[in-house]
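A short worksheet on the structure shown next.
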Amino acid sequence: MNDIAYEAGITTGASSSAAAARNVQRHPLARRITHWLNALAMIIMIGSGWRIYNWYPALPIDFQFPVWLSLGGQPAFVKPSSGEDGLANALAWHFGAMWLLVANFLVMVAIGFATRHYQRDFLPVGPRSFVRDFTAALRGKLSHALGSYNAVQRVFYWGVLFLTVLMVASGLAIWKPVQFWWLTASFGNYEIARVVHFLGMAGIVGFLVVHVALTILVPKTFVAMVTGEASAPTDAHGGSRHGA
Amino acid sequence: MALERTPLVKSLERRRLFRGSLSLGALALLPGCDISSNESVERFLRALSRWNDEAQAVLFSRTRLAPVYREDQVVHDFRYNAFFSPDDAPKLDAADYKLQLSGLIADKKPWTVDALHALPQQSQITRHVCVEGWSMIGKWGGIPLGDFLRRVGADTSAGYVGFECADGYYEALDMPTALHPQTFLALTFADQTLPRKYGFPFKIRVPTKLGFKNPKWVTTIYVTNRQPNSFWADRGYNWFSGS
Numbered sequence: 077m078n079d080i081a082y083e084a085g086i087t088t089g090a091s092s093s094a095a096a097a098r099n100v101q102r103h104p105l106a107r108r109i110t111h112w113l114n115a116l117a118m119i120i121m122i123g124s125g126w127r128i129y130n131w132y133p134a135l136p137i138d139f140q141f142p143v144w145l146s147l148g149g150q151p152a153f154v155k156p157s158s159g160e161d162g163l164a165n166a167l168a169w170h171f172g173a174m175w176l177l178v179a180n181f182l183v184m185v186a187i188g189f190a191t192r193h194y195q196r197d198f199l200p201v202g203p204r205s206f207v208r209d210f211t212a213a214l215r216g217k218l219s220h221a222l223g224s225y226n227a228v229q230r231v232f233y234w235g236v237l238f239l240t241v242l243m244v245a246s247g248l249a250i251w252k253p254v255q256f257w258w259l260t261a262s263f264g265n266y267e268i269a270r271v272v273h274f275l276g277m278a279g280i281v282g283f284l285v286v287h288v289a290l291t292i293l294v295p296k297t298f299v300a301m302v303t304g305e306a307s308a309p310t311d312a313h314g315g316s317r318h319g320a
Numbered sequence: 221m222a223l224e225r226t227p228l229v230k231s232l233e234r235r236r237l238f239r240g241s242l243s244l245g246a247l248a249l250l251p252g253c254d255i256s257s258n259e260s261v262e263r264f265l266r267a268l269s270r271w272n273d274e275a276q277a278v279l280f281s282r283t284r285l286a287p288v289y290r291e292d293q294v295v296h297d298f299r300y301n302a303f304f305s306p307d308d309a310p311k312l313d314a315a316d317y318k319l320q321l322s323g324l325i326a327d328k329k330p331w332t333v334d335a336l337h338a339l340p341q342q343s344q345i346t347r348h349v350c351v352e353g354w355s356m357i358g359k360w361g362g363i364p365l366g367d368f369l370r371r372v373g374a375d376t377s378a379g380y381v382g383f384e385c386a387d388g389y390y391e392a393l394d395m396p397t398a399l400h401p402q403t404f405l406a407l408t409f410a411d412q413t414l415p416r417k418y419g420f421p422f423k424i425r426v427p428t429k430l431g432f433k434n435p436k437w438v439t440t441i442y443v444t445n446r447q448p449n450s451f452w453a454d455r456g457y458n459w460f461s462g463s
């Protein structure tokens, strides 16, 4: 399958880095720490955000997140002690974790650019390579080499970075519609900023579903993000059968 | 015998199980139920909330005005919001109502409703934002609280202005917010005398704060240097809750 894919020009990524050729994935310590702190902050923000959403949904649809999946405590336990159903708790988590999310995000992105990880591994990327790799992935013909990123992955990583920025901007617009009125106005108004904040979350959750699913398919990427390095036996073309 | 599992297979199965539980476990860990009932977690959240009070005080500008809206954007059927029905709302009689003043205020003479209406009035069309997430644009008229505080000789270098209400509610503002030009002692809504359900004889309208920092049916205003309690902050919400 890899041979076919290779001959059709559907190799994983155009990266010619030595690591990719050896089918090795390396993540320096700073990248791993910021990745997992980001994961922690995201989980808290999403879990508490779902509870906050349930209280007064931003969208005019009949939909609620399951309480057990949201962060803010079981209403049965929270109510007797505080007299409310867990919104206060969720807000406290949300406004606490936002500092971790923003501070860590700035460090993570700074490291990503400074070490040229983003430029080297996520560029170049364009619509043509995206369509090509996306089609190949749907047909199960996209091979995966550890340490190199195909066009779909590249677009997804830039996308989730952009969505995080959008979430911080729309979040600030909702949190401080007076002090940052210009930011709120840039989304249209307060109510629109809430909808954007919801849609941005949906985009990030969509990314996470794919991200986690692919990690389960290619578990060595998880090993690399924990231990710092993972490798796979290479075939003649530098690809492996993982995830194909 | 033939189906006996080799140590390698067992080890692989264990690894797979571990991996699965780790990724699922990490997701289940935080949104789980008991973490927020834990006392040390609560202490941690309270400390974060106090830090957020400080951060918001820094972000607050004494001169930046809340966005104002057009008359045609005003919602007239404004949402009634309290933990009791409108029929149970405090019924204060203008004939014998007296606003009490206390704390660091020079002239503590009580105020009648008529005396409050006789002061120079202003109006604002601003967005009321609730901590729950809903928001509505309304028109409020009344007296800038800062003007009133200066008129009664309040110590405006003090830290806080507190409010006690006829329904047992209590709320407070930091002094910079109390002196903000759009913080009103609001006597009207949509150009009509403030109805009973919205807080007659007046509510404190604070467009730079979330809705719960806008107390209704106020009976006492006091000035103090000690941070007063806030009804919902005592129930876990952020004290400053600025917009």
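Chains A and B are the protein sequences, given in the same order. For my numbering, add 76 to where a residue sits in the first sequence, where the first one is 1. For my numbering, add 220 to where a residue sits in the second sequence, where the first one is 1. Note that CB positions come from ideal geometry on N, CA and C, so glycine has one too.
Item, Value
"Proximity test, Cβ basis, 7 Å: residue 168(A) and chain B", "yes"
"Euclidean distance between Cα positions of residue 146(A) and residue 173(A)", "15 Å"
"Uninterrupted alpha helix (DSSP H) stretches inside the stretch 276–325 of chain B (no shorter than 4 residues)", "none"
"According to DSSP, residues forming a beta bridge with residue 362(B)", "342(B), 406(B)"
"8 Å Cβ cut-off: residues of chain A touching residue 427(B)", "254"
"Partners in chain A for residue 430(B), counting only beta-carbon separations shorter than 9 Å", "Within 9 Å Cβ-Cβ: nothing; residue 430(B) doesn't reach chain A, min ~10 Å."
"Proximal residues to residue 206(A) (C-beta, below 7 Å), its chain only, five neighbours per side dropped", "227, 228, 231"
"Residue interval of the beta strand (DSSP E) (run including residue 392(B))", "390–394"
"CB contact below 7 Å: residue 305(A) versus chain B", "no"
"DSSP state of residue 137(A) mapped onto helix, strand, coil", "coil"
"Nearest to residue 436(B) (by Cα), restricted to the options 428(B), 410(B), 402(B), 386(B)", "386(B)"
"Chain-ordered residues of the stretch 281–292 of chain B with a beta carbon less than 9 Å from chain A", "281, 284, 285, 286, 287"
"Closer than 7 Å to chain D by CB, residue 457(B)", "The structure shown contains no chain D; the protein chains it does contain are A and B."
"Whole-angstrom C-beta distance between residue 358(B) and residue 348(B), which should lie under 8 Å", "6 Å"
"Closer than 9 Å at the beta carbon, the chain B residues around residue 108(A)", "In chain order: nothing, as chain B lies at least about 15 Å away."
"Proximity of residue 141(A) and residue 126(A) at Cβ, strictly below 7 Å", "yes"
"At least 3 beta-carbon pairs within less than 8 Å: the stretch 312–320 of chain B vs the stretch 280–299 of chain A", "no"
"Chain A contacts from the stretch 330–352 of chain B (Cβ-Cβ distance under 8 Å)", "347, 349, 350, 351, 352"
"Own chain, CB closer than 6 Å to residue 448(B), minus 5 neighbours either side, in chain order", "380, 382, 392"
"First through last residue of the alpha helix (DSSP H) which encompasses residue 160(A)", "Here residue 160(A) belongs to no alpha helix (DSSP H), and DSSP marks it neither H nor E."
"Range of the contiguous alpha helix (DSSP H) that encloses residue 423(B)", "Counting along the chain, residue 423(B) falls outside any alpha helix (DSSP H), though it belongs to the beta strand (DSSP E) covering 423–425."
"Neighbourhood of residue 442(B) by C-beta distance below 6 Å, restricted to the same chain and skipping five residues each side", "322, 323, 382"
"Rounded C-alpha distance that separates residue 375(B) from residue 399(B)", "11 Å"
"Beta carbon of residue 360(B) nearer than 7 Å to that of residue 406(B)", "yes"
"Partner residues on chain A for residue 354(B), Cβ-Cβ distance less than 8 Å", "132"
"Residue 181(A) (DSSP reduced to helix, strand or coil)", "helix"
"7 Å Cβ cutoff, residue 234(A) in contact with chain B", "no"
"Separation of residue 298(A) from residue 460(B), as counted between CA atoms", "42 Å"
"Closest by C-alpha distance to residue 242(A), when choosing among 308(A), 271(A), 218(A)", "271(A)"
"Residue from 245(A), 215(A), 195(A) with nearest C-alpha to residue 224(A)", "195(A)"
"Distance between residue 453(B) and residue 171(A) (C-alpha atoms, nearest Å)", "14 Å"
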